[in-house]
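Numbering (numbering that gives the first Met the number 0) for the sequence shown: 0 to 423.
Ideal placement from N, C-alpha and C gives every residue a C-beta, glycine not left out.
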Amino acid sequence: MEVVSQQIHRLEGLTVHIIPTVKYKTNTLVLRMKAPLSEENVTYRAILPYVLQSGTKQHPSVKSIRQYVEDLYGAALAVDVNKKGEEHVISIYMDVANETYLQDAPPLLEKTVAMLADVLLHPAEENGAFVASIVESEKRALLQRIESAFDDKMRYANQRLIEEMCKEEPYRLSPNGQEEAVSSITPQSLYEYYKKALLEDEIDLYIVGDVTENALQLVEKYFSIPVRQQQQKQTAQSVAPRQEREVVEKQDLKQSKLNIGYRTHITYKDNDYFALQVFNGLYGGFAHSKLFRNVREKHSLAYYAASRYESHKGILFVMSGIEAQNYEKAVNIIGEQLTAMRNGDFTEEDLSQTKAVIKNQILETLDTPRGLIELLYHDVVADYKRPMEAWLGDVDRVTRDEIIAVANKIELDTIYLLQGSEEA
């Protein structure tokens, strides 16, 4: 793998990551603000980036911002929120053409850095708070995002499993916040939280593209973020083994959703991280996996069956769509596949194919600026450096015994069934 050159600079309250590359004809900037998930703040954080991108002092409306960004040779501005382990992450993205490849182009990188700084540091205000009309508009949009998760039954079932499995842990919280907390948000209270976040969040700015040393100078010119007070690093809570739980919820839908949560006791910073990645590929991550072959193809018990590993929380999820009458049979066969993995019941061909697919996924992710940033950001979330140039070799070196060992660490925690009424 080509070695990724990442230059890291600490500027008071901002960590700047510059990744110079001639691979792209665009420059990509991603700013991330990270703070521990908490019930008190999760809804503020869910709405905050959308308010920030809706108006700055210089461009006080969505229309004005969009027009200005479009005039930067079709640049793009976007935001989102998600969670990584028990950290709540706000992201602001900007992509812009590289002026090196354009004749008589204005200083696009400088204008983009300035715009990103405006969005973060100079929001539109009225009476010492956010603009009321913007906040009200974004509250409505946030409620729609929360409701859309209820309408998407695959997402809903996964969130409900997490809520049941992690009842006493911050990870139970949705990154989109809580519906009942939206109405109480005011322009003033959100602005107060925004100022708090600027002082306390861990803030990282990634710049990927054909950039020179001037990129850092531009950041220094436009960004002024106070030095952080040393925050105690939050690590995902490791929960002691407990009795397996079964939760059944009924709704009027045609296809039941069976989701199962396992504790792996392995996270990104652990030595057996890659062994668990390969395990997941063999178990349910890909089309040649045991869940796909046995639950879906061989026994025709599921419309879909797959597994996913959350590496910063150490949880393995199994997701499947079934008919309600096949519930017990599906649970048993899913469990049998884990037993098979614990017994080493997989071929060398399966193992080679899984490693090849994982390595191809890594290379594909590295091939896009945002994908590259996503992989690099794991180190920030975990507070642990895992050299990227070693990833492909680390996958290759995973042995059969290591896969069996991680399979035997995995413990069933919660079975969640969103039961539909197919007969109806």
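Three-state secondary structure assigned by DSSP to residue i
| i | result |
| --- | --- |
| Glu422 | Reliability of the predicted coordinates at Glu422 is poor, the pLDDT of 45 falling under 50, and the value obtained from them is presented with this limitation in mind. Coil, per DSSP. |
| His428 | Any question about residue 428 goes unanswered here, given that the chain covers just 0 to 423. |
| Ala113 | helix |
| Arg385 | coil |
| Asp70 | helix |
| Asn293 | helix |
| Asp349 | helix |
| Asn258 | strand |
| Ser90 | strand |
| Leu197 | helix |
| Lys56 | coil |
| Lys358 | helix |
| Leu417 | strand |
| Ile265 | coil |
| Ile184 | coil |
| Pro174 | coil |
| Asp366 | coil |
| Ala286 | coil |
| Asp460 | Beyond the ends of the chain as shown, which are 0 and 423, falls residue 460; an answer cannot be given. |
| Leu252 | coil |
| Ala128 | strand |
| Val218 | helix |
| Ala123 | coil |
| Val379 | helix |
| Val95 | strand |
N-terminal and C-terminal residue of the beta strand (DSSP E) that residue i is part of
| i | result |
| --- | --- |
| Arg227 | Where Arg227 is concerned, there is no enclosing beta strand (DSSP E), given that its DSSP letter is neither H nor E. |
| Ala301 | Ala301 to Glu309 |
| Pro35 | Thr25 to Pro35 |
| Gly320 | Ile314 to Ile321 |
| Ile7 | Gln6 to Leu10 |
| Arg424 | Examination of residue 424 is not possible in this model, given that the chain is present from 0 through 423 alone. |
| Val78 | Ala75 to Lys83 |
Integer-rounded CB distance, given that residue j should sit under 8 Å from residue i
| i | j | result |
| --- | --- | --- |
| Leu18 | Val207 | Looking at the sequence shown, residue 18 is not Leu but Ile. Sure, about 5 Å apart at Cβ, within 8 Å. |
| Leu290 | Gly283 | 4 Å |
| Pro48 | Ile89 | 5 Å |
| Leu189 | Val80 | Wrong, their Cβ atoms sit about 14 Å apart, outside the cutoff. |
| His87 | Arg154 | With 8 Å as the limit, His87 and Arg154 do not qualify as a contact, their Cβ atoms being about 18 Å apart. |
| Leu375 | His16 | 7 Å |
| Asp94 | Ala74 | 6 Å |
| Ile46 | Gly176 | 7 Å |
| Lys82 | Pro174 | 4 Å |
| Arg341 | Ala406 | 4 Å |
C-beta atoms of residue i and residue j nearer than 9 Å
| i | j | result |
| --- | --- | --- |
| Ser223 | Ala123 | no |
| Leu107 | Leu142 | no |
| Phe278 | Val356 | no |
| Ser420 | Asp251 | yes |
| Arg262 | Ile314 | yes |
| Gly392 | Thr266 | no |
| Glu248 | Leu417 | yes |
| Leu204 | Leu365 | no |
| Ala329 | Leu257 | yes |
| Leu281 | Leu350 | yes |
| Thr353 | Ser255 | no |
| Leu10 | Glu212 | no |
| Leu120 | Leu197 | yes |
| Val118 | Leu76 | yes |
| Tyr23 | Pro368 | yes |
| Thr25 | Ala131 | no |
| Thr27 | Ile333 | no |
| Ile402 | Phe345 | yes |
| Glu388 | Val3 | yes |
Residue range of the alpha helix (DSSP H) that includes residue i
| i | result |
| --- | --- |
| Ile133 | Ala131 to Asp150 |
| Phe345 | Element bounds for Phe345: n/a, residue is neither H nor E. |
| Val433 | The structure shown does not extend to residue 433, since the chain spans only 0 to 423, so no value can be given for it. |
| Phe273 | Tyr272 to Asn279 |
| Asp209 | Note, Asp209: premise wrong, no alpha helix (DSSP H); not H, not E. |
| Pro48 | Val41 to Leu51 |
| Val394 | Trp390 to Asp395 |
### Task
Kindly confirm or deny that the stretch 180–187 and the stretch 127–143 touch, where touching means at least three C-beta pairs closer than 8 Å.
yes
### Task
Examine the Cβ distances between the stretch 33–52 and the stretch 243–250 and report whether three or more of them are shorter than 8 Å.
no
#### Entry: At least three beta-carbon pairs within less than 8 Å, the stretch 320–339 to the stretch 289–304
yes
### Message
Count Cβ pairs between the stretch 151–162 and the stretch 188–203 that sit closer than 8 Å; are there 3 or more?
### Response
no
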